[in-house]
Amino acid sequence: MSVGESFRIKIVQTLKRVPYDLRVAALKEAHYNVLRLPRDRVYLDFGTTRGNSGLTDKQLSALMIGDEAYAGSANFYALERVTQEVFGKRFTVPTHQGRGAEHLILRGLLQAGQHLLTNGNLLTLAPLATALTLQLDSVLGPDAFDPRSPQEFKADPPLDQVEAGLKAGGVKLLVLGAALPQFGGQPLSLDNLESCFSLARRYQVPLALDASMLASAAYLYKLRRAPSLDVRALLRRYAQACDILYLTGREDAGCHTGGLIATNDEALYTLFRSLVVVYEGLHTYGGQAGRDMQALAQGLADLGDESYLAFRHQKLSYLTRRLEEDGRAVYQPLGLSGVCLDCRTFTGAPTSANLAALLYLVSGLRARPMGGSTFGRDFDLLGLFVPRRCYTERQIDYLIESVQHLARYRIAHSLRMAGSEPVAPELTRYEVDGSFITEYHGDFLPAHPPEPYFIKVVEPFRLKSIEKRAQAIREAGYNTFLLRSEDIYIDLLTDSGTAAMSNQQWAKMLEVQESELGSDAARLFHEHARAGLGFRYILPTHQGRAAEHILSRALIHPGQYVINNMYFTTTREHQERAGGIFVDLIVDEAYDPRSGYPFKGDLDPKKLTAFIAAHGPERIAYVCVETNVNMAGGQPISLATTREISAICRYHRIPVIFDATRVAENAYLIRQRERAYAGWTIKEIIRELMALGDGCTISAKKDVLVNIGGILAVNDVALYERCAALCTTFEGTPWSGGLASRDLAAMAVGLEEMTEYDYISSRVEQVRYLWTKLREAGVPVVEPPGGHAVFLDAKAFLPHIPQDQFPAQRLAAALYEVSGVRGMERGIVSAGRDPATGRHRASKLELVRLAIPRRVYTYSHMDVVAEGVIEVFRGRQRLTGLRMIFEPPALRFFTARFDLL
Ligand code: P61
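For the sequence shown, position 166 matches number 303 in this note's numbering, and the numbering has no gaps at all.
Encoded structure:
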């Protein structure tokens, strides 16, 4: 079974590759030390796990509830409470980061020249010890330096050496790291810590535990030695085995800054409290903003989240396995920070500094060179540290392929360290004679391009037990619309309003001013909508159906026909409510799930001509052309056919109105499938398509990448004025459409982002990935793959259930029960009843839609979804039909209830 992330993505940070010439210049400027490169010159950063995690949504909101009082901030008390709960430590002293804590501990407990002993936890400790003229002794077992030794707890110091140090009387403090960042996060075992602690007690030397990566250590301990214990219990037991616990919030707690010291010893607390005010800040904020203490409190409260730790372990194991398959020696066993490569396995055995520079040059990635002299031992590793909740599997794949790619290069010159030995690797400068590599083979192109964004904020979720799911779907009347979000594992109900917004959208949202009259946001929105779509007049609406409501009222005389390519539920509802007679003239192929016709969304020009001839153009209110037709399976329209439709309508003076809700996806599929447009940009294709119409309605909750919003655009001024009046009546001012200004700002930015090629291709290719997996397993899916969703063909999936027993409804319910994945019925229930006869409209298509939210789920999630569907498919014979026990009057699929037959 695949393991997916235990979260969905909430905010993404858009990501651009750094061109080769910029990389060359940046590397020179950084004196060939990749650790000196600024982050914006790095494409994906595997140089550290410190302070670069994706936040959880709760941490993000914690940042918004900072109590920035100078003394006695509420956030301090929250932090203190969590520290008590998680670690069982009564007193908390906040510090600005981990090294702030270390500084206070060293300064408080040791005097110049005195000794302290550590298990190789040197990263920040060593420079501090030097600065305070302390003697730092580091002990680790010989295995710790052997990448091949399977010793599971390489951070365990040999007890005899610890005792020898304590016995001699020289050592005044023991500082043990729960996991060592140097080798990818090698853990310290609980047993070893407990033994060290009793030794320390015997010799009356305080033991300080660096708990920055305690969750990682505890998880690995559980995995390797104590499967029956849970991580939360282990966190407490580790914490009990020390006098002082300290940490940086920038590792397992997933924060960007912040640290603390915690103890149960009142004398120690008094000591640190007297120092914190000198070096950090007041004892109730310790050099952290209130918001950072709150985010740290939240991060610590979530430390024991085993589903995330399990996911992380699995992904790092995958990274290890792939690298080993390529013949690389990887430091063993796995820690939870990342993977360390033995540089000697590369041809010519370059140093890690050389390899890191080369890796950056050829792929824009940063890795961490970890060489030789730190421990005075002979090892040279390239650290591939994987930030938490930040990169997807595709991005890890890119890392793997980049490392493979290194084999093609020869390094012409070794780097020579310039100047004297610096305090920290970040400060090292190198020199090189001539050019660094012999030749450049062009920018490295991966087999599967990674997502053009990385994760900024996540929303954790978990899979509920099968019993809970069975109960939930029963209580929901076998209708997935009636399930609660908290009961869902992976939510593919809809791609509507579910996108992860970008950092740029959020930035604009904060920037604009709120006003329902013309605001900077309204101007920005208008500019982008007009430029992007090409229509003259633009109205925002609160969402798509509001635009449809206004347009239908403004354009339909009762008794007139409205021609559509298939139907969408809300569109048809508003056309009919305005007195229109709904007509569907989509091409026949659209109704054949097996047909691979590339433009199954097209309106049929022959059917249109015949209809006009039969009824007369004046009886047709307008022709509504949906892009990327939702109910047909996310199937695109072509420019060629739409041009024909447009010409026919222009000739007869029938307006053409697009439902351009998924126009960017449609444009991408045109670029792929319609040869004449292969070289066009997405923007150009959208403009070309929209130029064939007289206006459009848009639900911005789809392609436009916002959670709320709609657009109505027209060319005709008289029509615009009718619409603007209706907008004022039903929505809000014509400038706001009933939206907050920030929503207009988010739409403005979204209208740009949706046209970026890297984004739209990664979006549609993800849909195709799931589609391919299902099809290869023999699951009946609508062909060819569409733009926003994969549609299961329920008639073929459950041929033994007749349509009046709602096979698609049944399938959606079963999928939820089996896998926690939520899809949506798009069959006879959605089609509703014929207003004339009152009977079910026996829809030709009986589908379950798995709509994929934009930028929210990863390829790992898609694997999990595919496995769920395939499992239902295997057991399909056992499924029986449903009967409807409650039916509402309009749009019944939303709230209807069913029972098993
Ligand atoms: C969806 F089950 N779609 O796909 P609004 N046009 C088109 C849409 O796809 C669309 C709207 C207009 C939804 C949400 C939804 O029966 C349902 O912003 C092509 O939702 O008002 C919406 O835009 C309406 C799901 C709507 C449904 C109606 O999931």
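The beta carbon of each residue, even a glycine, is placed where N, CA and C say it ideally should be.
In the DSSP assignment, I1007 falls within the unbroken alpha helix (DSSP H) covering 996-1011. Going by beta carbons, L629 and A885 fall outside the 8 Å limit. Fewer than three beta-carbon pairs drawn from the region 180-196 and the region 398-405 are found closer than 8 Å, and the two stretches are therefore not classed as touching.
Nearest to T232 by C-alpha distance, out of L984, T394, D895, is T394. The beta carbon of L1028 sits closer than 7 Å to at least one heavy atom of the ligand P61.
Your pair L552 and Y567 checks out as a contact, with CB atoms roughly 4 Å apart and the cut at 8 Å.
Looking from the CA of C761, the closest CA among G753, C786, Q772, G770 belongs to C786. Ranked by Cα distance from Q377, the options D347, D389, G386 are led by D347. Apart from the 5 residues on each side of it in sequence, A797 sits with its Cβ closer than 6 Å to the Cβ of T764, C833, I835 in its chain, given in chain order.
The beta carbons of I823 and G924 sit about 13 Å from each other, so the pair does not count as a contact at 8 Å. Relative to N844, the option among L619, T818, A877 whose CA is nearest is A877.
At least one heavy atom of the ligand P61 lies less than 7 Å from the C-beta of T707. Exclusion of Q940 from the 7 Å shell around the ligand P61 follows from its C-beta lying no nearer than that to any non-hydrogen atom of the ligand.
The C-beta distance from A292 to L317 rounds to 5 Å, short enough to meet the 8 Å contact threshold. Per DSSP, reduced to three states, the secondary structure at M891 is coil, with no helix or strand assignment. The count of Cβ pairs closer than 8 Å, one atom from the region 769-782 and one from the region 805-812, reaches three, so the stretches are in contact.
The three-state secondary structure of R756, taken from DSSP, is helix.
For the pair H252 and Q272, the CB atoms are nearer than the 8 Å cut-off. Within the same chain, Cβ atoms closer than 6 Å to the Cβ of R465 are found at L478, T482, the five residues on either side in sequence being excluded. Sequence-distant partners of G391 (beyond 5 residues in either direction) whose C-beta falls short of 8 Å from its own C-beta, in its chain, are S190, G191, L192, T193, Q196, G436, D439, R525, R526. In the DSSP assignment, Q642 falls within the alpha helix (DSSP H) that extends over 640-648. A check of alpha carbon separations from D624 across W643, L600, S633 identifies L600 as the nearest. Scanning its chain for C-beta atoms nearer than 6 Å, with the 5 sequence neighbours on each side dropped, one finds around N701 the residues D721, C761, in chain order.
Relative to the ligand P61, the beta carbon of D796 is positioned inside 7 Å of a heavy atom.
R709 is the residue among R709, L311, T870 whose C-alpha sits nearest the C-alpha of F719. Remark: the C-beta of A988 is in contact range of the ligand P61, defined as less than 7 Å to any heavy atom. At a threshold of 7 Å, S622 does not count as near the ligand P61, since its beta carbon sits no closer than that to any of the ligand's heavy atoms. Placement of the Cβ of S633 at a distance of less than 7 Å from at least one heavy atom of the ligand P61 is found.
In this structure the region 978-985 does not touch the region 635-645; the number of beta carbon pairs closer than 8 Å is below three. Rounded to whole angstroms, E217 and I938 show a C-alpha spacing of 59 Å.
Exposure of K743 is indicated by the presence of fewer than 16 other C-beta atoms within 10 angstroms of its C-beta. Taken in chain order, the complete alpha helix (DSSP H) segments of 4 residues or longer contained in the region 450-535 are 489-500. For Y383, the enclosing beta strand (DSSP E) starts and ends at 381-385. Residue range 351-361 is occupied by the alpha helix (DSSP H) that includes S353, with no beta strand (DSSP E) assigned at that position.
No heavy atom of the ligand P61 is found nearer than 7 Å to the CB of Q608. When distances are taken from the beta-carbon of Q772 to the heavy atoms of the ligand P61, even the shortest one reaches 7 Å or more.
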